[in-house]
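Comments concern the structure below.
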Amino acid sequence: MYLCKRKTNKFRNLATLIFLNIAILSCSFSPINSDSEIIVSKIKFDLSVPVKIKNNLSIFVKENEASSTEVNIMKFEFKENNFYGGENLGSLESEVVGSIQVNILNDEEHSKKISSSRRFNTQSLNPLAQKELEKLMRVEIIEDLNKKIVLYLKTHEDK
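What follows is the structure, encoded as structure tokens:
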């Protein structure tokens, strides 16, 4: 008797999971189509902008003389902050913040400073592991800034 109830509950749970998967997959909500291109007349980069950001934006942003929009990307910087405390006054947490300035020039000038930050616990890390983790956080911040820049350009293009 116990085995029969267990099998029916198993099939009922499996049927519920299948139904939920079909329902979720059929709702293909997509607020921004990432395949579309952003067309501008000119895009300029400052010397401080990393090559990874330039390469990623060259995929999404295409230059065309017919457009009246010009994009300037400048003032890229990283800041590292350590937070100390505790009994031995060692570093408890570190924070890496990356920021970049995006200017869009068409009929009006729109300027926005886009930033991304990552915080991590350094209490149990040695200094070499902390430096390696900071390098990894820098890569993640650059990827996040790429996404935020494309999103900002895409939302501004639709206006």
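Under our numbering, the first residue of the sequence shown carries the number 20, and numbering increases by one thereafter.
In this text, a Cβ means the ideal position worked out from N, Cα and C, and glycines have one as well.
By the three-class DSSP mapping on this structure, what secondary structure does residue i have?
{"i": "residue 144", "result": "coil"}
{"i": "residue 83", "result": "coil"}
{"i": "residue 91", "result": "strand"}
{"i": "residue 53", "result": "For residue 53, the predicted model reports a pLDDT of 49, less than 50, meaning its position is unreliable and no value from the coordinates is stated."}
{"i": "residue 108", "result": "coil"}
{"i": "residue 70", "result": "helix"}
What's the C-alpha gap between residue i and residue j?
{"i": "residue 108", "j": "residue 153", "result": "20 Å"}
{"i": "residue 133", "j": "residue 173", "result": "14 Å"}
{"i": "residue 119", "j": "residue 168", "result": "9 Å"}
{"i": "residue 89", "j": "residue 60", "result": "6 Å"}
{"i": "residue 32", "j": "residue 41", "result": "14 Å"}
{"i": "residue 121", "j": "residue 136", "result": "17 Å"}
{"i": "residue 115", "j": "residue 35", "result": "43 Å"}
{"i": "residue 51", "j": "residue 58", "result": "In this prediction, residue 51 scores a pLDDT of 49, lower than 50, which makes its location untrustworthy; the coordinate-derived value is nonetheless stated afterwards. Whole-angstrom Cα-Cα distance: 15 Å."}
{"i": "residue 98", "j": "residue 160", "result": "11 Å"}
{"i": "residue 53", "j": "residue 78", "result": "Residue confidence for residue 53 is low, a pLDDT of 49 falling below 50, so the modelled location carries little weight; the figure read from the coordinates is stated next. Those two C-alpha atoms are separated by around 11 Å."}
When DSSP builds the beta bridges, which residues end up paired with residue i?
{"i": "residue 96", "result": "118"}
{"i": "residue 58", "result": "81"}
{"i": "residue 38", "result": "For residue 38, which the question treats as bridged, DSSP gives no partner whatsoever."}
{"i": "residue 101", "result": "113"}
- request: Within the segment 113-172, note down every full beta strand (DSSP E) run reaching 3 residues or more, in order along the chain.
  value: Counting whole runs of 3 or more residues, the segment 113-172 contains the beta strand (DSSP E) stretches 128-140.
key: the segment 62-82 / the segment 100-115 touching (three or more Cβ pairs under 8 Å)   = no
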